[in-house]
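Structure, as C-alpha cells:
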DNA sequence: ATAAACATTGGACCATAGTCAAAGGTCAAG
DNA sequence: CTTGACCTTTGACTATGGTCCAATGTTTAT
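Chains as they are written, first to last, in our numbering: chain A, 3 to 147; chain B, 3 to 147.
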C-alpha cells in the first residue's frame with residue numbers, strides 16, 4: 003500500500019496536521035484521495051509541494067501568492083517570465099518594506115538620541131515629539147502586494 | 003458649551019468615528035463624559051491624544067505599546083528611561099525586521115538572477131530552488147515585540 | 001478485546017487593526 | 001413636523017495564518 007496519511011505527510015513536511023488541512027481549504031494542495039474509511043491518502047509528491055510552500059513562505063510570499071506559483075509550476079503553458087515577474091514584484095515589495103522600516107528606524111533613533119533617559123517622563127522629548135503639532139508627513143506610498 | 007462630539011473629534015484627529023470608538027474599547031482613550039442624551043462629549047485634549055496615537059503608530063508601535071506610552075505619559079512616577087527603554091526596544095525590533103527582510107531580499111535576488119526569464123516555466127530555476135531538497139536554514143530568531 | 005494512537009467533521013478562537021451594517025434615538029434647519 | 005445629519009448599541013465581517021476543541025470513527029498494538 004502506498005500513499006501517506008495526513009499525519010505522516012505533515013511529519014515529513016514539518017507541519018502540523020491542522021496546517022495541512024488549512025492549506026487544503028485554501029486550495030494550496032489538492033483534495034487527496036480517500037480510503038474506504040474516509041482517511042486522506044496523499045501521494046509522495048505532496049511532501050515536496052508542502053516543502054515548496056514552506057520555502058516560499060520563508061521568502062515572504064503570502065499563501066495566495068504561493069498558490070499562484072504552484073499553479074504556474076503545474077501549468078504547461080506558463081513561462082519562466084511569469085515566475086520571474088512574480089519574484090521581482092516580491093523583490094520590489096520587500097525593498098519597499100525595508101525602506102519604510104528604515105525611515106521609521108531613523109525617526110526612532112532621532113527621538114532616542116534626543117532623550118538622555120534621566121528624570122521624570124513629564125519632560126521627555128520623545129513624548130513631546132509625539133504630542134507635538136501635526137506635521138505633514140510624506141505618505142510615499144506603499145503599493146506592495 | 004464646550005467639548006466635542008465624536009464626529010468633531012474624529013475629524014480633528016483625522017480618524018473615523020469607528021476608529022475612535024475602537025480605541026476606546028481598547029482602552030487607548032478614556033471613556034468620555036456623556037450628554038443627557040447619551041452622546042459622547044470629549045475634551046479638547048483628546049484631539050492631542052489621538053494625534054499622539056497616530057504618530058506612534060506611524061513609528062511602528064502597536065496599539066498595546068501605544069497604550070503603555072500613553073500610560074507613562076500620564077504617570078507622575080514614570081521616568082524618561084521608561085520611555086527611552088521602550089523606544090530602544092522598538093528600535094531593536096525594527097532593526098531585526100529589516101535584517102530579516104534583507105536576508106529575504108538577498109535570497110530573492112539570487113533566485114531572480116539565476117533565471118533568464120525565457121522559455122517554459124517547467125525548467126525555471128526559481129521553481130526548482132523552491133522544489134529542491136530541504137536545506138538547513140538558520141533560524142536566527144526574531145524576538146520582536 | 002480493549003486501549004492508544006490516529007483520523008474525521010464542524011466550528012470556535014488567537015492576535016492585529018479596524019470597518020460596516022442594522023435598528024433605533026437625537027438634534028438642527030427649513 | 002419632517003428631513004437629514006448625527007449619534008447610540010450590538011455584533012458580524014475583512015484579511016492573514018493558523019491553532020484548538022469536541023464528538024465520533026478507525027487502525028494498530030498489546
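The C-beta atom is built at its ideal place from N, Cα and C for all residues, glycine as well.
Taking a Cβ-Cβ threshold of 7 angstroms, the residues of chain B close to residue 54(A) are 132 and 133, in chain order. With a threshold of 8 angstroms between beta carbons, residue 45(B) makes no contact with chain A. Judged by pairs of C-beta atoms under 8 angstroms, the stretch 57-74 of chain A touches the stretch 96-115 of chain B, as three or more such pairs exist. Under the three-state reduction of DSSP, residue 36(A) is assigned to strand.
Flagged as an interface residue toward chain A: residue 75(B), by a C-beta distance shorter than 8 angstroms. The count of Cβ pairs closer than 8 angstroms, one atom from the stretch 94-101 of chain A and one from the stretch 66-77 of chain B, stays below three, leaving the stretches out of contact.
Within the stretch 79-94 of chain A, 80, 81, 82, 83, 84, 85, 86, 89, 90, 92 and 93 place their CB atoms closer than 7 angstroms to a CB of chain B, listed in sequence order. Nearest to residue 110(B) by alpha-carbon distance, out of 43(A), 87(A) and 112(A), is 87(A). Residue contact with chain A for residue 123(B): present (Cβ-Cβ distance below 8 angstroms to some residue of chain A).
Along the stretch 10-28 of chain A, the positions whose C-beta sits under 8 angstroms from a C-beta of chain B are 16, read in chain order.
CA-to-CA, the gap between residue 89(B) and residue 53(B) works out to about 18 angstroms.
In this structure, residue 28(A) keeps its C-beta atom at 8 angstroms or more from the C-beta atom of residue 71(A). Looking at the DSSP output, residue 113(B) bridges to nothing. At a cut-off of 8 angstroms, the C-beta of residue 114(B) has a neighbouring C-beta in chain A. Between residue 6(A) and residue 22(A), the CB-CB gap reaches or exceeds 8 angstroms. The beta-carbon of residue 59(A) is placed no less than 8 angstroms from the nearest beta-carbon of chain B.
A residue is called buried once 16 or more other Cβ atoms fall within 10 Å of its Cβ, and residue 82(B) is buried on that count.
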